[in-house]
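*Asks:* Just passing along the structure, written as structure tokens.
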Amino acid sequence: MISPIHIITLTLGTAFFIGLLKKLNLNISALLMLVAIAAAGTISASWFTAILSGAANAEVFTAGFNPPYSINLLMGKGEALITLLINLAGFLGGVYLLKSLKERGIYTMIIYLVFIMSLNVIVMTRDIFNLFVFMEVASIGIAGLVILDKSSKATQAGFKYLIATGVIAGILLIGIAFTYYFAGTLNIDVIQQASIINFKAGSIAVFLVIISIILELKPFPANGWGIDVYEGANPGIGAMISAASASAMLFVLYKLAVLVPESFLQIITAIGILTFVGSNLMGIKQSNANRLLGYSSIGQIGLLTAIVGLKPFLGAQFELIAVSILISHFFAKAGLFWLSGIVKKQNLKDWAMLRQKPYLLVLFGIFIFALIGFPPFPSFLGKWELIMKLAHSHHFYILAFILIGSFLEGIYLFRWLGFSIKMEDANLPPLTVHWNKIIPVVLSALGVLGSGIYFGTITEIAASLKYIPLLFIALLYVIDFLPVYVKNTVSIAGIGYYLYTIYPDLEGFKLIFGLIFLAGGMLTLVAGYFKTGTRKGFYPLVMLMFAGLVGLIEAHTTFEFFFAWELMTAGSYFLIIRGKKSMTHALSYMLFSLAGAYLILAGFGLAHIGQSSYALDILASVQSFAPLVFILLAIGFMTKTASVGLHIWLPGAHAEAETDVSPMVSAILLKAGVFGLILLMLNMGSQFIGSFNIYYALAWIGAITAVMGNMMAAFQEDAKRLLAYSSVGFLGYILFGLSFMSHLGWLAAVSLSVVHFMFKTLLFLAIGGIVYRVKTKEMYKMGGLIKKMPFTFISVLMGIIVIAGVPPLTGFGGKWILYNAVLEKGWFFPSALVFFAGIVAFLYCFRLIHTVFLGQLKDEHREVKEAPFWLLLPQYMILMVIMLFSALPNSLLKPIGAMLAPIFPEGALEWQGQLAKSGFGYWNGQVIMYIVGGIFVVVFAWLWYMNRNAQKVKQFNIGYSAERPSLPETTHFAYNFFAPYKKALGFLVSPLITNFWDSASEGVHAISDKVRRIYNGNVQTYAFHILAFIVVVYLIIF
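As structure tokens, then:
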């Protein structure tokens, strides 16, 4: 093995060599620089792999003596990993800065080499004075590299960096001097044995050393100078500060933490949490890209600082947690800084120019999701383990603040991603990408993806994850250049094959929802054949969502379930944001989903307390805080079912989505929340807070959701928003039925889930076809389309009959069962709201059919054609199933009832053929179908006979009082259709909830704006912040 000392000799020797040969060709000098850093990285990598394989740590002693008479370097597993990351960042950063370094000459290359060398020594040294020396060398190197950028901001940033680090260095030197005085040595290991923290003077000396290291990590609020450096520095240098320098200093804090007592570790944790939350809070109002990355970098390092402080509580999982989050930060933040240098635009909205090079947008998305902690990135595993350990050790406040900080970070990162995907880019200059700048970005993306997969293979909890769906998604990316019909066919075949392979293992609720997710996915994809071109990026995103959905039904552990939940969220977000005016709606969806996911994560964490397994059935034996666990998980799942208060993301997301995406997110995606609630209720059973039944509250939430959703639907002018709000109302029925915890209640809820999938797919495809033809979603601009689009009219007519719960179709059966469940349960007050909601449903059903199809045809629609065949085909396939279930209701209800019988044995329906009997009455769907069908045939025949010779009067073939007939727009009343009802009851649907969330958002932004004003750019103020920070922490400790 090559001695670790040669990391120093190679880099320092190369720096001297190219300095001595000043007239050496710049290209050769740059090549030598990169070779030296690559060689140093190779040494680190060889030691890392060797130590992982069982080799002993390596110690290097200088001057031929042992400590304390020499400086010793240690190459252990941690040192090997961090120096490997530093040298990797140094090499990729050198490639990225190649042109800039050559333009500024050999001396800049020397500074760069010395900077990388000093970071390696900082990590390996066991001598605190040696640490001080090379920290100063690194600080001078960073300042020099920043100032060499020749802009006023860079000069100011470099000056502030020198002043701030100079103050910190002074404090550190004082601490080192007193530590040496009390311990008689500068060696970290010997100082630890000296136990100087047992008396106050020694504790203060160690405090000064540790607080100086913490200040180098730029803690909140003493970090204004660091933010200015990130903003003013060249993005290539910003990447090195964020990825390499911060990693080195974090490791220094880790190795010096052995010198302090547990009480000081708690202070380190508090500082880290404050930094994580505070930096992300201030980032919300930021519009400058590099400054925003600075806030995010400091926030992430704050989280890692807190993890160092939490080491005693994290136990054996400390390394996994710290390394997985650090590696995600390392690759993602470096990649984002390098992307910033490619874009060369500081305003976040200008990053829309990434769409000129779609692969850059993909890379950007990878880094954003890695930072937030989505699968399959290593940060997902790290945050999962962190939350589990915090819950297990009862650190609930820390757990809450970490999730809050993560959510705040998600706000500005997803807003930034939304700008890049959807903002106008017509006036932006062309984007030029040089080879040396894109290579580090691509390798960073591959690094964070590869490390995520690697962590998944080496950890027991993630070993059971199935990556086959993700490989299929990768295949779709590879063939993304092919036409729609090819990729659509491949996608349908892929889902079909996967359903075929897992179908024998599906039973009970997993079978029902598996068919909704997979068979429903195939059905909605059939509609995609009406599209032309290549539809780039669509199919991998669809498969990502369906991979998450199928993962939910295959999950056996809470980890697998949460992994699938996050995949589903990521895929559905990208599908929603593809809509033309969907940027704000997609952000709203993502933020509600993110908050819901964190509640689910917290709930799983609390459920795991006292458990030795991550199996889903631990929910059946929660040992602590069971009502809280239930509430957290229920609210998390209800963010997907869009229960009242959590629904504001849904109308815009569904209405603005593409024609075939709307049924996917409305008819299929929402069922993920229903499935989650079913799993929760099955495992945890009845829950009480004192004597109060939580399920009674859920019944009220479901009832209010049903009423408010249906009323808001009735007052919509946009046809797709009407359908979206109707989904809110219908999901309220389902939640209401589930809350009964009875056979009839669940029979109604589960059957209505199936029915909702069918009619919502039907109606969204039908209305989507109309919008595709008439080019508007506003219903008052339609009218008279019954003859132009008769097949679509039949679909919509059948769909609204199902929604309204009118005989003879399936909707009536579901509501009949629900009413029987109400009589059995006796919860009459919330039930009254549900009955009222059913009446309101008639209003929007009538409005939809009347305003779109009846009345006079508009002039601009005289040449409108029927909807495309591929949109009609899945509609009529669904109609066939609806007619089957309506004529033979026991084909749907009886199997569900049999599945529910072991869970709720009392109150089951008795079946005699198609006749269903309950304790309150009976219903025969087949007979009703015959009666209604017979009446329809008789009436239709009579009308046809009576009108067989009637003269057909065309639209304008009329006249009265010698005047011309009115225009269709004046004779077909559709705008503000229910004005009297809105005047009487409109106050019930005033946007109070939307206003609440808007006010909450504005409040958070206002707080962010106020807090960040402490950073005024004045270096004297920043120096005061540093000193004040030291004083405050000292007073807290001592």
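The sequence shown maps to residues 2 to 1039 in the numbering used here. We put the CB at the ideal spot given by N, CA and C, even for glycine.
1) What residue does the alpha helix (DSSP H) around G597 start on, and which one ends it?
2) Could you round the C-beta distance between I399 and I211 to whole angstroms and report it? I think they count as a contact, below 8 angstroms.
3) Around the C-beta of T570, are 16 or more other C-beta atoms found within 10 angstroms, so that it is buried, or is it exposed?
4) Helix, strand or coil for Q913 per DSSP?
5) Where do the ends of the beta strand (DSSP E) carrying L74 lie?
6) Please check the pair A1 and I818, which I expect to be a contact at CB under 8 angstroms, by giving their CB distance rounded to whole angstroms.
7) Along the chain, which unbroken stretches of the alpha helix (DSSP H) at least 4 residues long are found entirely within the segment 661 to 712?
8) At which residues does the alpha helix (DSSP H) containing F221 begin and terminate?
9) Using C-beta distances below 7 angstroms, list every residue in its chain close to S325, excluding the 5 sequence neighbours before and after it, in chain order.
10) So what's D719 in DSSP terms, helix, strand or just coil?
11) Report the three-state DSSP secondary structure of G55 (helix, strand or coil).
12) When you compare only the Cα positions, how much space is there between N891 and F836?
13) Ends of the alpha helix (DSSP H) at W943?
14) Can the beta-carbon of I388 be found closer than 7 angstroms to that of G606?
15) Measuring CA to CA, which of T852, L901 and F130 is closest to E779?
16) May I have the straight-line CA-CA distance separating S213 from V485, to the nearest angstrom?
17) Report yes if the C-beta distance between L315 and A528 is below 7 angstroms; otherwise report no.
18) Among Q1021, M110 and K983, which has the Cα closest to the Cα of I19?
19) Are there 16 or more other CB atoms within 10 angstroms of the CB of E1, so buried, or fewer, so exposed?
20) Taking 6 angstroms as the limit between beta carbons, can you name the residues of its chain near L163, skipping five residues before and five after?
21) Measure the beta-carbon distance from R848 to A656 and round it to whole angstroms, keeping in mind my assumption that it falls under 8 angstroms.
22) Assuming V1 is part of the alpha helix (DSSP H), what are its boundary residues?
23) Return helix, strand or coil for T570, following the three-state DSSP convention.
24) By DSSP, does F62 sit in helix, in strand, or in coil?
25) Could you spell out the range, first to last residue, of the alpha helix (DSSP H) harbouring E657?
26) Going by beta carbon distance, what residues of the same chain come within less than 6 angstroms of M713, once the five residues before and after it are set aside?
27) Just to confirm, are K672 and S743 a CB contact at a threshold of 7 angstroms?
28) For M523, which residues of its own chain have a beta-carbon under 7 angstroms away from its beta-carbon, when the five flanking residues on both sides are left out?
29) Taking the continuous alpha helix (DSSP H) assigned at P875, which residues delimit it?
30) Alpha carbon to alpha carbon, how far is G814 from L736? Give it in angstroms, no decimals.
31) According to DSSP, is Y478 part of a helix, a strand, or is it coil?
32) Distance check for G233 and W339, CA to CA, integer angstroms please.
33) Comparing alpha-carbon positions, which option in F758, L633 and A720 lies nearest A975?
34) From the DSSP output, which residues share a beta bridge with S919?
35) For A371, which beta-bridge partners are listed by DSSP?
36) I'd like to confirm the pairing. Which residues does DSSP put opposite D128 in its beta bridges?
*Replies:* Well, looking at it:
1) M584 to A608
2) 20 angstroms between Cβ atoms; not a contact.
3) buried
4) strand
5) Boundaries of the beta strand (DSSP E) around L74: N73 to M76.
6) Because the chain spans 2 through 1039 in this model, residue 1 falls outside it and cannot be assessed.
7) Here the runs fully enclosed are 671 to 685.
8) Per DSSP, F221 belongs to no alpha helix (DSSP H) and is neither H nor E.
9) P379, S380, L382, G383 and F456
10) strand
11) coil
12) 25 angstroms
13) G926 to M947
14) For I388 and G606, yes; Cβs fall inside 7 angstroms.
15) When only C-alpha atoms are compared, the closest one is T852.
16) 59 angstroms
17) no
18) M110
19) A question about residue 1 goes unanswered here, because the residues of the chain that appear run from 2 up to 1039.
20) A144
21) So it is not a contact: roughly 16 angstroms between Cβ atoms.
22) With the chain covering 2 to 1039 only, the question about residue 1 has no answer from this structure.
23) helix
24) If DSSP states are grouped into helix, strand and coil, F62 belongs with the strands.
25) L651 to E657
26) Y726 and V990
27) no
28) I493, I496 and G497
29) F870 to A888
30) 17 angstroms
31) helix
32) 14 angstroms
33) A720
34) G922
35) Answer is none; A371 lacks a bridge partner.
36) N188
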